[in-house]
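Just below is one structure, and these are the notes that go with it.
In my numbering, the protein residues as written are 61 to 799.
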């Protein structure tokens, strides 16, 4: 539906309205509603501003000065939702939330023009825009408790549930959260989005938690215009989707401001009082199409388009005011013309503002890291008396040398003792202690508020972490197997990793995702329990990927990740090699070569491992074997045999797969002039490709070769040996380079 058609219809219909008898502005705007005339008048102005922002967006696009035309026309009723919430209730809004945002901005004591400028600067990609800084047009502002979202498919719903969860959990932990204790979370989305897996995950998680008696104060707001771009939503489908155990359902005509206000008031009261979810279902229309380039007449009839025009919510609110005698058509028309001129003037001003001018500017918020600060925080331990109680007098540094699994367990306990806002959670992590016992005993020591089981839904697990992190808690979720992460990778790619980028760091998103990964398990196999694919993770800008192979490295690197998350909001993935969890020996049975003592806090500073710092074994000058994970143990064994034959080898454990330890890599490569990359991931898309590219980019003139696993999924049993990198292959490739 064209912009001029919508404007023309509004102006013509406005002039036909009949002024009614005057009502008291302090009383209801019509019988039976809680919406007063005065509030109705204020909300009308924000609805009008929102409509004019959509007109300005298309006007800017025509001038090639604007870059976003998905608008809120037809959805302006969401102003009433904002009006019944508090400005400190965290809001995660979809892209048709212009009137909500402008109302929230005014609620917070800002001038109406400030909200207008926020949105217009986003449309014009101005570097001074207050949330994304010209990187995207989003609704967000740290002073308004609006968390920016770019989602078109409701991928923010698991996070929104996580925010609601965090409001309650912060109090239970005695931690200082970002939101008031009685706040509620609100997230909005379209009708088509209720079909997406992430939306279903969000609904199910809220329902599941409520079913068990947990408090989840979240308001789901579905603005149902009946169509997703060009695909119609079946009548009754949204209501059928919404009606779930523990979720109260509130329907309303979203084109009728009074009806929307009343329903929203009831829904918000329910959530705030009962601390349980509600689903506010608003029937709306979509005016001006999906976006500026959308030609609705290609898939909608003229009759349908005219019916939507008749339900225009801006016209509906104007009718409320006129029929209540609180305004005349002439007053509203004059206001429309003045406001239109005002908004277009501000829009033109925003086109003259500076825009991002370099890659460095664009990328600045992706992964800010203060290495010195992380190094300072990483060695912080709980007081001696607290550690004594935590470990029941049996301090880990007094134990015999530990396995990788034991080292991670003790480090998590030490971290839980020092960070009251930290939580460890996932499937099976609590009473059972995880499939491999890595978290065994932690719930008993720290209680179910801090170490707990979730239902089996990776999107929900990461969503809880996302919501907790943005709420100033320190989440450490566990994904049971690397292959399971692929069910939910967008929660890291599209949600976790982008929040800092689209908020310029205003909303830190700390989390350390522990994942049991890689292959080589004995007697337990198959693709979903032996996965060596991490290309999807290495492709995410700013993501930290830690890959420890030895117990002492795991402890130090986990402390580094937690410190980076806590101080910089870093999103870290901690890949734990399953096959090395309980490994004790390096060369022969009983040698204990893969065990390591647990460093006492007094040595944590000197054993600190910075992000992007590799570890070198040996001082050979003939060959450098670059590897990580399970490859470290295999390469060390191969290197010893080669050394016994007179060759001089060193092994470089990358330890960090993103960012790669480029400085240490180049130094080790130059020392020998020959590099063999032993990569247990796949030949295509594996880590070795990145290592070779770094060597090439740096102008390394020596010889480089690589051995990898095959481009295959991992089969069951002994068949896995045919496609996985082997120790023998590493040794034979090394001999070929040394020949």
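In this text, a Cβ means the ideal position worked out from N, Cα and C, and glycines have one as well.
| Asked | Found |
| --- | --- |
| Sub-8 Å separation of residue 522 and residue 537 beta-carbons | yes |
| Cβ-Cβ distance between residue 794 and residue 702 below 8 Å | yes |
| Residues bridged to residue 64 (per DSSP) | DSSP lists no partner for residue 64. |
| Option nearest residue 628 by Cα separation, candidates 529, 408, 143 | 529 |
| Under 8 Å between C-beta atoms of residue 469 and residue 498 | yes |
| Local Cβ density within 10 Å of residue 334, reported as buried at 16 or more and exposed below that | exposed |
| Span separating the alpha-carbon of residue 118 from that of residue 126 | 8 Å |
| Burial state of residue 341 (16 or more Cβ within 10 Å) | buried |
| Pick from 704, 459, 608, 696 that is closest to residue 673, judged by C-alpha positions | 608 |
| At least 3 beta-carbon pairs within less than 8 Å: the segment 714-722 vs the segment 742-759 | yes |
| Close beta carbons around residue 133, own chain, < 7 Å, minus the five adjacent residues each side | 66, 111, 114, 347, 348 |
| Inter-residue spacing [alpha-carbon to alpha-carbon] between residue 275 and residue 472 | 27 Å |
| Helix, strand or coil at residue 467 [DSSP, three-state] | helix |
| Beta-carbon proximity check, residue 265 vs residue 517, cutoff 8 Å | yes |
| Rounded straight-line distance, which links the Cα of residue 107 to that of residue 97 | 15 Å |
| Outcome for residue 506 when other beta-carbon atoms lying within 10 angstroms are tallied against a minimum of 16 | buried |
| Meets three-Cβ-pair contact criterion under 8 Å: the segment 678-698 and the segment 657-666 | no |
| Alpha-carbon spacing of residue 689 relative to residue 578, whole angstroms | 8 Å |
| Continuous alpha helix (DSSP H) assignments of at least 4 residues falling wholly in the segment 283-315 | 297-302 |
| Distance CB(residue 152)-CB(residue 73) smaller than 8 Å | no |
| Cβ-Cβ distance between residue 103 and residue 143 below 8 Å | yes |
| Buried or exposed by the 16-neighbour rule on C-beta atoms within 10 Å, applied to residue 710 | buried |
| Given 8 Å, three or more beta-carbon pairs between the segment 761-775 and the segment 731-749 | yes |
| Span of the alpha helix (DSSP H), counted from its first residue to its last, around residue 198 | Taken as a continuous stretch (DSSP letters only), residue 198 belongs to no alpha helix (DSSP H), as it is neither H nor E. |
| Residue burial classification, residue 258 (beta-carbon count within 10 angstroms, cutoff 16) | buried |
| Euclidean distance between Cα positions of residue 598 and residue 726 | 20 Å |
| Within 8 Å, strictly: CB atoms of residue 242 and residue 282 | no |
| Residue 668 burial status per 10 Å Cβ neighbour count (16 or more: buried) | buried |
| Close-in-space but distant-in-sequence residues of the same chain around residue 430 (CB under 8 Å, 5 per side omitted) | 627, 628 |
| Length of the line joining the Cα atoms of residue 732 and residue 792 | 18 Å |
| Alpha-carbon to alpha-carbon, residue 540 and residue 197 | 36 Å |
| Span of the beta strand (DSSP E), counted from its first residue to its last, around residue 684 | 683-687 |
| C-alpha distance - residue 330 paired with residue 305, whole-angstrom precision | 15 Å |
| Any non-hydrogen atom of the ligand MN within 7 Å of residue 195 CB | Only the bare structure without any ligand can be found here, which leaves the ligand MN out of the picture. |
| Given 8 Å, three or more beta-carbon pairs between the segment 414-426 and the segment 182-200 | yes |
| For residue 772, the three-state DSSP class (helix, strand or coil) | coil |
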